[in-house]
Amino acid sequence: MTIAPVQRTAPTGSSAWTDARLIMALEEVVETELNRHLKVAKDWMPHEFVPWSQGRDFDGVLGGEPWSLEQSQVTPLGRVALVVNLLTEDNLPSYHHEIATMFGREGAWGTWVHRWTAEEGRHGIAIRDYLLATRAVDPNELERARMSHMSEGFESDNSHSMLHSVAYVAFQELATRISHRNTGHSAGDPLCDQLLAKIANDENLHMVFYRNLLKAALEIAPDQAMRAIADVVTDFRMPGHGIPGFERAAAQIAIGGVYNLRIHHDDVLQPVLRHLKVMEVGGLGPVGLQAQDELGVFLGGLDAQATKFDERQAALLARRAARKAAQ
Ligand SMILES: [Fe+2]
Ligand SMILES: [Fe+2]
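If you use my numbering, the sequence shown corresponds to residues 20 to 346, in order.
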């Protein structure tokens, strides 16, 4: 593995870091983080988490039993969230294209991009096998949704900037971790919970990789990195936003406590920002200071919005519980 010569100070003759220079300057950090990741990542076998003995032929070519809702043992919330999580994982070819184009396929960056892709591929395989073997969701609907979602592709909101891309994936990997974990807790099947905990663990390690990279970027190019963090945080959306029926699914997922504004603020944004000590970073120029201010104002507003959501959610759940009690 080759390491490009590291330049830790702003390039001479230029007031700003270009993406190419940043990629070169961060290669040493990427190599360190990649080695750390390979040391801590524990290999696991997706087939071990699938109860194959529950599987049976479907209708069609094999003339088996068609799918029907009563066969599904997972909760209605689990069904919705599992499909959103799987379709998000399914779009991996588009994500690979985006990150390989941005970070390149050479040296430590390339090794990371390929390794990350292989790990993400395991997630989709494991969830799909689990869903089909247990008849948890309608396989025809799932396949049609996959075709539709993948046919749209995925275009990153951040492909214009390397630092924006790194900042986005740092938050997005943690968001995915939390979403898988909470889906597992609410699916009503201990095996599903166990599988999603395993996947969530991988997502956490991905987050750590990108977060540490972002930390190094904040040291090398603090103004540009702060600007990127502020832009990404204030304009964040999940990669699965193009899934058919996403708005409706997202509303159910929010009310059910799998992923909502409160979780996004408390369990995704804050832990990364606190770790990076973003609000305490000193030595910023006007660009970085303005971004830091914007971030502070935005987070205050988001917390207030999350509190309003908490109140609406509590009222809705209380109404539902009262209706159920009256039946
Ligand atoms: Fe994943
Ligand atoms: Fe991931």
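No residue lacks a Cβ here, since even glycine has one placed at the ideal position from N, Cα and C.
Quick caveat: nothing in here was measured; it's all calculated off a predicted structure.
{"Asked": "Own chain, CB closer than 8 Å to serine 180, minus 5 neighbours either side, in chain order", "Found": "Asp38 and Ala247"}
{"Asked": "Contact under 8 Å by Cβ, alanine 325 with methionine 257", "Found": "no"}
{"Asked": "Collapsed DSSP secondary structure at alanine 344 in the structure displayed", "Found": "helix"}
{"Asked": "Threonine 195: CB within 7 Å of a non-hydrogen atom of ligand 1", "Found": "yes"}
{"Asked": "Burial state of aspartate 157 (16 or more Cβ within 10 Å)", "Found": "buried"}
{"Asked": "Alpha-carbon spacing of arginine 147 relative to leucine 111, whole angstroms", "Found": "14 Å"}
{"Asked": "Three-state secondary structure assigned by DSSP to valine 156", "Found": "coil"}
{"Asked": "Simplified DSSP state of tyrosine 187, which is helix, strand or coil", "Found": "helix"}
{"Asked": "Selection from Asp286, Val300, Leu224 and Arg200 that minimises the alpha carbon distance to isoleucine 239", "Found": "Val300"}
{"Asked": "Enclosing alpha helix (DSSP H) for histidine 225 [first to last residue]", "Found": "209 to 239"}
{"Asked": "Contact under 8 Å by Cβ, proline 65 with isoleucine 118", "Found": "no"}
{"Asked": "Residue environment, histidine 260, which counts as buried when at least 16 other CB atoms sit within 10 Å", "Found": "exposed"}
{"Asked": "Own chain, CB closer than 7 Å to glycine 140, minus 5 neighbours either side, in chain order", "Found": "Leu111"}
{"Asked": "Closest residue to arginine 55 among Leu96, Trp131 and Leu41 (Cα-Cα distance)", "Found": "Trp131"}
{"Asked": "Contact set for aspartate 109: own chain, Cβ-Cβ below 7 Å, skip 5 residues either direction", "Found": "Gly143, Arg165, His168 and Met169"}
{"Asked": "6 Å Cβ shell around proline 85 - same chain, five flanking residues per side excluded", "Found": "Asp78"}
{"Asked": "Where glycine 83 falls, given that 16 or more other Cβ within 10 Å makes a residue buried", "Found": "exposed"}
{"Asked": "When Gln92, Arg134, Thr153 and Val99 are compared against aspartate 76, the one with the closest alpha-carbon", "Found": "Thr153"}
{"Asked": "Contact with chain B by glutamine 332, beta-carbon distance below 8 Å", "Found": "In summary, chain B is missing from the structure at hand, where a single protein chain is found."}
{"Asked": "Contact belief for cysteine 211 with tyrosine 149 at Cβ below 8 Å, rounded distance in angstroms", "Found": "6 Å"}
{"Asked": "Secondary structure, alpha helix (DSSP H): runs of 4+ residues fully inside the region 237 to 311", "Found": "241 to 253, 265 to 274 and 289 to 295"}
{"Asked": "Local Cβ density within 10 Å of aspartate 329, reported as buried at 16 or more and exposed below that", "Found": "exposed"}
{"Asked": "Span of the alpha helix (DSSP H), counted from its first residue to its last, around leucine 41", "Found": "38 to 44"}
{"Asked": "Residue interval of the alpha helix (DSSP H) (run including alanine 100)", "Found": "95 to 109"}
{"Asked": "Within 8 Å, strictly: CB atoms of serine 72 and methionine 121", "Found": "no"}
{"Asked": "Integer-rounded CB distance, given that alanine 35 should sit under 8 Å from glutamine 309", "Found": "Actually they are not in contact, since the Cβ atoms of glutamine 309 and alanine 35 sit about 15 Å apart, beyond 8 Å."}
{"Asked": "Beta-carbon gap between glycine 276 and asparagine 201 smaller than 8 Å", "Found": "yes"}
{"Asked": "Local Cβ density within 10 Å of alanine 269, reported as buried at 16 or more and exposed below that", "Found": "buried"}
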